[in-house]
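Read top to bottom, the protein sequences are chains A and B. For the first sequence, the numbering used here gives the first residue as -12, with consecutive numbering after it. For the second sequence, the numbering used here gives the first residue as 2, with consecutive numbering after it.
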Amino acid sequence: YATTGLRWKKSDLTWSIQNYPSLPPLLQPNNVRTIMAYAFKAWSDVTNLKFHATSSSEQDRADIKISFARSLHDDGYPFDGKGGTLAHAFFPGEADIAGDTHFDDEESWTYLDDSGTDLFAVAVHEFGHALGLSHSSSHPSIMRPYYQGPVGDIASYTLPEDDRYAIQSLYGRKSSLSTPSPNHPTTHLPKPPSPPRPKVPSQPDPSAQNRCEGGFEAVANIRGEVFFFKGQYFWRIQRTGSLVSFHPALIKNFWIGLPPGTNKIDAVYERKTDSRIIFFIGSQYWVFKDTVAVSGYPRPLSDWGLISHDGSEVKRVDAAFVWAHNGKTYIFSGGEFWRFSEGLESGRRRPDAGYPRNSSLWKGAPSNPDDIITWSDGDAYFFKDNSYWILKSGGLDQDNVIHKSTAVDWMMCPKPTPTTRPTNPRHRGECNCGLNGA
Amino acid sequence: PMPDQYSRGVDWLSRYGYLPPPDPRTGKLQTKEGIERAIKEMQRFAGLKDTGKLDSDTLKLLNTPRCSLPDIIGSEDMLKKRRRKRR
């Protein structure tokens, strides 16, 4: 552990909450107060420190003032929106700001629920700073600088050994003979709140559970974020790689103008020329300006002039993306692909000469991908089932394209437990290997 | 890593105390060796293999949500805080 050398010169400390989270799931003020009280208790359980919540009239005089703030908030540590930095606290001292603890109000604060950031875990960490502790490299330690997820039941939480030693090095061990003061909050802490429940609990939402199962029908890089579409829902991943929420959003609530009952999107891409977003569903396509469909759509897929080698007209698109390597738009369907040099035209268009070509030209990637995006440094990412393949920028003919797990790398799912590999790879159905049987 | 990742990495290392902040008076550049040392220190602190390179595990960690306070707090940081408090 590491300490700053700064400590409170008193053992009775007061705290107050200046404001409350403003983003969903909107923890109720009484729940926030309870979570904070238990987070202080984690430190007072092992020392003789005592923490008291101030009355509302004295909240500005508290030693540790807790607030939820956004972006620049006049302390030299601006917040950066969802993800990134979560919170900070000032070390003990005589200054007015000493001990103050700020949480980024643009996080989805929650508890015992993996849909957001666990307020209790972060509060315990930040109060460690407010009491004089620095970041620890030890594992396990609540003072590790990185968010480590929920820490479980707040009423039974105890500090890891490293943190216990750290705080006791500053304030000593809890004296077993000490008598709690009458207003010691640990004697009348309220019952811990229950984890928040969905507001519309009519039916269990199966799609909320199967983020880790893959099978995304469409994947698109839109304005630098990656959208994974599945059924009626989509998940969204920020530029930083952070999943906005483990819970999916309803497509119809975000993308306004798709037909009611839309339960499968074949492919989506953002047009390079004008940043319009194109949705392919069955034999039609829609053009969106931002999140609203442009009038005049849907139009028939036949506008695109997608004629297969056998002369038949394509009835459905598998994948669509703009390849950063050359700025061209590619449409995949039935093992073939077409290239377009798009302008600002609407209505009928024609693929570049010489197309379609066989999808197998994209060596190492599945020939019938669910969808494709350009991501990172211009590489092409092919998605299929629960895997993805990266074709390095500009490369069609690459050896050893290794597939990776969409669930683990994109959806923040745990790595699967290794299973015993079948000794005979010809046992189809038992094979645990990649899609292309490598 | 691409240049963008590299500059973001250097920014991250400065922000969390592994590299001295750039000096606006001299515009002094960080040295390649200094950056490698800082990456190694960050990797050791985080429990990663200390390769000194912005490898995939390190880049992933750079994108992990975290506390805003630096991991390495030098005397410079403490002085800065006191000055800020006085203002």
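Ideal placement from N, C-alpha and C gives every residue a C-beta, glycine not left out.
Close CB contacts of A/V255 within its chain, under the 6 Å cut and outside five residues either way in sequence, are with A205, A207 and F266 (chain order). Taking the Cβ atoms as the reference, A/A108 lies roughly 12 Å from A/F90, outside the contact range of under 8 Å. Taking every protein chain shown into account, the CB of A/R337 has fewer than 16 other CB atoms within 10 angstroms, so this residue is exposed.
For the pair of segments examined, the region 285 to 297 of chain A was found not to touch the region 349 to 359 of chain A: the number of CB pairs separated by less than 8 Å stays below three. A/L0 sits in a strand when the DSSP states are folded into three classes.
Contact between A/N35 and A/G159 holds, since their C-beta atoms are separated by about 6 Å, short of 8 Å.
Taking a cut-off of 8 Å on C-beta distances, the region 149 to 157 of chain A touches the region 124 to 134 of chain A, as three or more cross pairs fall below it.
Residue burial annotation: A/N18 is buried, with at least 16 other C-beta atoms found within 10 angstroms of its C-beta. Listed in chain order, the non-local C-beta contacts of A/S270 below 6 Å within the same chain comprise L288 and K302, local neighbours out to five positions each way being set aside. Taking the C-beta atoms as reference points, A/S295 is found nearer than 9 Å to A/G321.
For A/H75, the uninterrupted beta strand (DSSP E) run begins and ends at A74 to A76, by DSSP. For the options B/D72, B/L70, B/S69 and B/M43, the alpha carbon positioned closest to that of B/D58 is the one of B/M43. In the three-state reduction of the DSSP assignment, A/W397 falls in the coil class, being assigned neither a helical nor a strand state. Counting other Cβ atoms within 10 Å of its Cβ, A/P8 reaches 16 or more and is therefore classed as buried. Within chain B, the residues placing a beta-carbon under 8 Å from that of A/A74 are C68 and S69, ordered along the chain.
Annotation: the continuous beta strand (DSSP E) that includes A/H39 extends over K37 to A40. Close CB contacts of A/S392 within its chain, under the 7 Å cut and outside five residues either way in sequence, are with N373 and S374 (chain order). Beta-bridge partners of A/I377 (DSSP): A/Y368. With a contact defined as Cβ atoms closer than 8 Å, A/R223 and A/F214 qualify at about 6 Å. Inclusion of A/T72 and A/F78 in the CB contact set at 9 Å is not warranted, their separation being larger than that value. In the pairwise beta carbon analysis, the region 274 to 281 of chain A is classified as not touching the region 312 to 328 of chain A: fewer than three pairs are separated by under 8 Å. CA-CA distance, A/F233 to A/P343, rounds to 38 Å. For A/W30, the enclosing alpha helix (DSSP H) stretches over residues P16 to S31.
Looking at the backbone, the Cα of A/S123 and that of A/A117 are separated by about 15 Å.
Interface flag for A/V109 against chain B is set, since a Cβ pair is found closer than 9 Å.
At least one CB of chain A lies nearer than 9 Å to the CB of B/K61. Taking 7 Å as the upper bound on Cβ-Cβ separation, chain B lies near residues D364 of the region 355 to 377 of chain A.
Under the 8 Å Cβ criterion, the region 54 to 62 of chain A does not count as touching the region 135 to 149 of chain A, having fewer than three qualifying pairs. Scanning the region 320 to 349 of chain A from its first residue to its last, the whole beta strand (DSSP E) runs of 3-plus residues come out as 323 to 327. Look at A/R223 here: in three-state DSSP terms it is strand.
Residues of chain A with a Cβ closer than 8 Å to the Cβ of B/T65 are, in chain order, Y133 and Y134.
The beta-carbon of A/H312 is placed no less than 9 Å from the nearest beta-carbon of chain B.
Assignment of A/W242 by DSSP, reduced to helix, strand and coil, places it in the coil class. Under the Cβ distance rule, A/H390 does not count among the residues neighbouring chain B, no pair being separated by less than 9 Å. Chain-ordered, the chain A residues with CB closer than 8 Å to the CB of B/G48 read S124 and H126.
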